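Report on the structure given below.
Residue numbers (my numbering): 446 to 833.
Here it is, written out as structure tokens:
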């Protein structure tokens, strides 16, 4: 204590406050990436990349739940900018590093960093395990299993991004590998070729129910954020004020020009009458008029009794695709198996009612659920004909 009265010195205050803030049982994040200056990104750009990260990880978590059968929760992301060198120096152990390359609709690289323990749990679940007893290293087999899970997660995420940006977005299959950040010579992926010295780091807390709680980091180059924000704002053109209606101008009064007339000649009995020369006319093409046939055979009348069925609930089915498998292939199916469908990536899906196609659309993500945006409606006349 200080001798002058009962007051504490500044050093003693700092030590006391440090002890208070360091106590308690509040869980701490597994890694703390230092924040740098955000002068290169505006607040709007930071908010936008956070929203994009939320969309990507939200849809990826939904896909992961479908794959492993375990409830997955993602917290609201935190966004900060920092130097790429600081990002590399933050991690001190082995991590699963996934590189994503955008090649359609948007160009650039992103990196996802996940701890090795969570990657082992996902790999064990993908291979039919329970995820409770995992140990050892991420060998090629386990890395491939995690890579397949990430491939499906990022495929769903690209669809969600396409809906957000309202344009097709495609990502190449992710490149998955293990990096030991405790080694000084570890190579961090070159996520930028445009001389970026800083990156936006979007951090998430992910929880796999009863199995793991971990932090996932999405590292995005500054130049990529700028391009993404330009695409985002391009679809939001401000409403333009209507141009003022010009005042009606007075129509000029036509001035009759004097017409030169031939000198008038009086008829004489000796002069004959010469008729004017015939005018040349263009030939006229005559065609028989054709009218649409409105006979009762071509018209489909809507039955009046149909109004009585308006409140009958119908179950709508969205068919993603079909496949034909042999009995042996069906018996060999296991958790994590992939069935190839007859639909291509980005191809519209069929919307059916009672087994009949009524519309087509594209798959979108609404909050945390899948949905279908209708892009084509089957002609109502054709639909009614199928009911006969």
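The beta-carbon is built from N, C-alpha and C at its ideal position, and this holds for glycine as well.
Predicted model, so just to flag it, every value in this text is computed and none were measured.
Candidates the options: closest to residue i by CA position
i           : options               : result
residue 558 : 764, 663, 598 and 756 : 663
residue 657 : 568, 775, 784 and 538 : 568
residue 816 : 806, 611 and 588      : 806
residue 585 : 653, 795 and 565      : 565
residue 757 : 562, 799, 764 and 791 : 799
residue 535 : 576, 560 and 591      : 560
residue 634 : 665, 581, 599 and 772 : 665
residue 437 : 790, 824, 801 and 794 : A question about residue 437 goes unanswered here, because the residues of the chain that appear run from 446 up to 833.
residue 532 : 773, 675 and 632      : 632
residue 493 : 673, 824 and 601      : 673
residue 610 : 675, 770 and 771      : 675
residue 600 : 614, 590 and 543      : 614
residue 552 : 608, 652 and 667      : 667
residue 626 : 542, 581 and 511      : 542
residue 813 : 792, 488 and 511      : 511
residue 788 : 777, 778, 768 and 588 : 768
residue 489 : 671, 612 and 821      : 671
residue 556 : 589, 588 and 661      : 661
residue 792 : 778, 777, 801 and 821 : 821
residue 801 : 778, 772 and 759      : 759
residue 523 : 538, 495 and 537      : 495
Rounded distance between the beta-carbons of residue j and residue i, thought under 8 Å
i           : j           : result
residue 570 : residue 501 : Between residue 501 and residue 570 the Cβ distance is about 21 Å, and since that is not below 8 Å, they are no contact.
residue 604 : residue 808 : 6 Å
residue 527 : residue 499 : That belief does not hold up - the Cβ atoms of residue 527 and residue 499 are roughly 20 Å apart, past 8 Å.
residue 529 : residue 643 : 7 Å
residue 629 : residue 486 : Not really, about 30 Å apart at Cβ, beyond 8 Å.
residue 803 : residue 823 : 5 Å
residue 651 : residue 775 : 33 Å between Cβ atoms; not a contact.
Sub-7 Å separation of residue i and residue j beta-carbons
i           : j           : result
residue 517 : residue 506 : yes
residue 786 : residue 766 : yes
residue 616 : residue 669 : no
residue 619 : residue 583 : no
residue 648 : residue 540 : no
residue 573 : residue 761 : no
residue 508 : residue 598 : yes
residue 794 : residue 819 : no
residue 515 : residue 654 : yes
residue 770 : residue 636 : no
residue 621 : residue 592 : yes
residue 504 : residue 602 : yes
residue 659 : residue 563 : yes
Opening and closing residue of the beta strand (DSSP E) in which residue i lies
i           : result
residue 672 : That residue, residue 672, is in no beta strand (DSSP E); its alpha helix (DSSP H) goes 667-679.
residue 801 : 801-811
residue 518 : 517-519
residue 545 : 539-549
residue 510 : Run containing residue 510: none in the beta strand (DSSP E); it sits in the alpha helix (DSSP H), 488-513.
residue 554 : 553-560
residue 814 : 814-822
residue 797 : 794-798
residue 648 : 643-653
residue 620 : 620-625
residue 762 : 761-764
Residue i beta carbon near the ligand MN (any heavy atom closer than 6 Å)
i           : result
residue 526 : In the structure shown, the ligand MN is absent, as is every other ligand, since no ligand is present at all.
Host alpha helix (DSSP H) of residue i (start-end)
i           : result
residue 772 : 772-776
residue 595 : 585-610
residue 578 : Run containing residue 578: none; DSSP gives neither H nor E here.
residue 530 : 529-535
Neighbour flag for residue i against chain C, beta carbons, 7 Å
i           : result
residue 792 : No chain C appears in the structure shown, which is made up of a single protein chain.
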